[in-house]
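Participant: Let me give you the structure first, and then I'll get to my questions.
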Amino acid sequence: MRILIINGPNLNLLGTRDPQLYGDATLADLEADWRTHCERYDVAIEALQSNHEGVIVDAIGEGQHRFDALVINAGALSHYSRSIADAIGAVDLPAVEVHISNIYERETWRHVSVLKDVCVLTIVGRGTSGYINAIDHLIAMHTSPARTLQYGEENTTVLDLRVPSGDGPHPVAILVHGGFWRTIWTRDLMDPMAAALIGHGWATANIEYSLGEGSYANAMRDLESAVLWVQSNAAEHDFDPKMVVLVGHSAGGYLSLAAAARLPTVAGVVGLAAVTDLEAMSVSRQDDDPVARLLGASLSDAPRLWHQAGLSGSPTIPIHLVHGSEDDTVDLAQSTNYSQQTDTIRLTVVDGCDHMSLIDPTSPAWPSVLSAMDLATST
936 MRILIINGPN LNLLGTRDPQ LYGDATLADL EADWRTHCER YDVAIEALQS NHEGVIVDAI
996 GEGQHRFDAL VINAGALSHY SRSIADAIGA VDLPAVEVHI SNIYERETWR HVSVLKDVCV
1056 LTIVGRGTSG YINAIDHLIA MHTSPARTLQ YGEENTTVLD LRVPSGDGPH PVAILVHGGF
1116 WRTIWTRDLM DPMAAALIGH GWATANIEYS LGEGSYANAM RDLESAVLWV QSNAAEHDFD
1176 PKMVVLVGHS AGGYLSLAAA ARLPTVAGVV GLAAVTDLEA MSVSRQDDDP VARLLGASLS
1236 DAPRLWHQAG LSGSPTIPIH LVHGSEDDTV DLAQSTNYSQ QTDTIRLTVV DGCDHMSLID
1296 PTSPAWPSVL SAMDLATST
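Rendered as structure tokens:
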């Protein structure tokens, strides 16, 4: 697979241009990171930066016979260049649009992207990691294409379904992404995992769910709907309805654990760097409280709601937690303390691994993740 990565005007100034907004890595630094990342998947990249619209248009047109996919950050041209949009629309290359900053939190004129409708995904506000996410999404599309289906009543309740080619019925992993319930983080985070699990005999349903301020009740409803959809459509897709496992990362780990209390029909839960203590999570990130965002109120304003949302009581289904020893996003103590509640909760600590390693199939944490999933269907 070959991916073309195009950066537009002024992105040659990365590293010196407003580092608080764009980071201090240079474009050369980023290109080196992309190449290192792609080597893990035997994927080749070619990177181009230009301050000239016509050069970008030409590169897209010429690339349709040389590349399999496109990542593009057209900078300010994203907001008005119909010629670039037309070029992307004219070639048979799946494209992901990337913006380092969150364009929806900046000047009004930046809120519109004319490229969005011709791209398969638009990533904003994730810093320079958005490029890696874009690459991962395109690799997953290329190596393991998914069917996007609606599982709930809302148009946003969709899942990407992948099913192994061998004889079933197959166990099913319902993947629940993290991102602290911010709308800039979506199910594409789980794409590498969703694609890789197919090779281990798992069907995967990578779900999108309600995000943003006060989304708790809707998110819980969405997870319940996703489980019901998978179990109700088991015969059509060759699933084993008795082998449905919720696999949640970070904030998605919390939702999976909370939903499992209402869903005794799932076989188990695998929590990857899962948030298990809402109050502790809130205290650790007071500058941007993700729990107050989820619940729509602070602890002092809605203590009863916070209590109701907490993970309490003894789980009735097997729970397997995996946590990296070097996680500086969700403290290891969250999993350690939660695992001590009952014998039905098992914890594996992976030495030397950080928060995102647990959803990276090329990381040293991956065998531990697979083991946890296998255990969830064998008990």
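Going by the working numbering, the sequence shown opens with residue 936, and the numbers climb by one from there.
Ideal placement from N, C-alpha and C gives every residue a C-beta, glycine not left out.
Per DSSP, what kind of secondary structure is Ala1334 in: helix, strand or coil?
Facilitator: This structure leaves residue 1334 out entirely; the chain is present only between 936 and 1314.
Participant: Straight-line CA distance for Ile1280 to Gly1103?
Facilitator: Position 345 of the sequence shown, counting from 1, holds the residue named residue 1280. Position 168 of the sequence shown, counting from 1, holds the residue named residue 1103. Whole-angstrom Cα-Cα distance: 29 Å.
Participant: Rounded to the nearest angstrom, what separates Leu1310 and His1046 at their Cα positions?
Facilitator: Translated into positions along the sequence shown, residue 1310 becomes position 375. Translated into positions along the sequence shown, residue 1046 becomes position 111. Between Leu1310 and His1046, the C-alpha separation is close to 46 Å.
Participant: Please name the residue in Arg1156, Cys973 and Ala982 whose C-alpha comes closest to that of Ala1075.
Facilitator: For the purposes of this step, residue 1075 is taken as the residue at position 140 of the sequence shown. Considering only alpha carbons, the answer is Cys973.
Participant: Taking the alpha carbon of Gly1060 as the point to measure from, which residue in Ile1119, Val1098 and Met1178 has its own alpha carbon closest?
Facilitator: Counted from its first residue, the sequence shown places residue 1060 at position 125. Closest option to Gly1060, Cα to Cα, is Ile1119.
Participant: Once you ignore the five residues that flank Leu1084 on each side, which residues in its own chain have a CB closer than 7 Å to its CB?
Facilitator: Numbered from its first residue, the sequence shown carries residue 1084 at position 149. So the list reads Val1093, Leu1094 and Leu1096, once near-sequence residues are dropped.
Participant: Between the stretch 1159-1172 and the stretch 1219-1235, do at least 3 Cβ pairs fall closer than 8 Å?
Facilitator: These segments do not touch.
Participant: Alpha carbon to alpha carbon, what distance is there between Ala1154 and Gly1087?
Facilitator: What you label residue 1087 is simply residue 152 of the sequence shown in a count that begins at 1. What you label residue 1154 is simply residue 219 of the sequence shown in a count that begins at 1. If I take the Cα positions, the gap works out to 11 Å.
Participant: Taking the straight line between their C-alpha atoms, what separation do you get for Ala1030 and Leu1181?
Facilitator: For the purposes of this step, residue 1030 is identified with residue 95 of the sequence shown, where counting begins at 1. For the purposes of this step, residue 1181 is identified with residue 246 of the sequence shown, where counting begins at 1. Spanning the two alpha carbons is a distance of roughly 30 Å.
Participant: Using 8 Å as the threshold, is the C-beta distance between Val1201 and Ala1193 below it?
Facilitator: Start at 1 with the first residue of the sequence shown, and residue 1201 comes out as number 266. Start at 1 with the first residue of the sequence shown, and residue 1193 comes out as number 258. It is not a contact, given that the beta carbons lie outside the stated cut-off.
Participant: Is Glu997 helix, strand or coil when you go by DSSP?
Facilitator: Residue numbering aside, residue 997 sits at position 62 when the sequence shown is read from its first letter. Glu997: helix per DSSP, three-state reduction.
Participant: For Gly1136, name the three-state secondary structure that DSSP assigns.
Facilitator: Position 201 of the sequence shown, counted from the first residue, corresponds to residue 1136. Three-state result, Gly1136: coil.
Participant: Under the assumption that Asp1123 contacts Leu1056 (Cβ atoms under 8 Å), give the Cβ distance between them as a whole number of angstroms.
Facilitator: Counted from its first residue, the sequence shown places residue 1123 at position 188. Counted from its first residue, the sequence shown places residue 1056 at position 121. Their Cβ separation, rounded to whole angstroms, is 6 Å, which keeps Asp1123 and Leu1056 in contact under 8 Å.
Participant: Going by alpha carbons, who is nearest to Leu956 out of Ile1035, Leu946 and Ile1019?
Facilitator: On the sequence shown, position 21 is the one that residue 956 refers to. Selected option, being the one with the closest Cα: Ile1035.
Participant: Compare the Cα-Cα distances from Gly998 to each of Leu939, Pro944, Gly1062 and Glu1159 and report the closest residue.
Facilitator: On the sequence shown, residue 998 is found 63 positions in, with the first residue counted as 1. Minimum Cα distance to Gly998 is reached at Leu939.
Participant: Nearest CA to the CA of Ser1016: which residue from Trp1044, Leu1050 and Thr1043?
Facilitator: As a working note, residue 1016 is residue 81 in the sequence shown. Out of Trp1044, Leu1050 and Thr1043, Leu1050 has the C-alpha closest to the C-alpha of Ser1016.
Participant: With a cut-off of 8 Å on the beta carbons, I'd call Asp1175 and His1255 a contact; round off their distance for me.
Facilitator: What you label residue 1175 is simply residue 240 of the sequence shown in a count that begins at 1. What you label residue 1255 is simply residue 320 of the sequence shown in a count that begins at 1. Contact flag wrong, Cβ pair sits at about 18 Å.
Participant: With DSSP run on the structure shown, which of helix, strand or coil describes His1034?
Facilitator: Counted from its first residue, the sequence shown places residue 1034 at position 99. Here His1034 sits in strand by DSSP.
Participant: Return the chain-ordered ranges of every beta strand (DSSP E) run that is complete within the stretch 1165-1197 and spans a minimum of 3 residues.
Facilitator: If we require 3 residues or more, the beta strand (DSSP E) runs fully inside the stretch 1165-1197 come out as 1174-1184.
Participant: Which full runs of the alpha helix (DSSP H) of 4+ residues lie inside the stretch 1081-1127, going along the chain?
Facilitator: Counting only runs of 4 or more, we get nothing.
Participant: What is the rounded straight-line gap between the Cα of Gly1259 and the Cα of Tyr1039?
Facilitator: Residue numbering aside, residue 1259 sits at position 324 when the sequence shown is read from its first letter. Residue numbering aside, residue 1039 sits at position 104 when the sequence shown is read from its first letter. Computed Cα separation, rounded: 33 Å.
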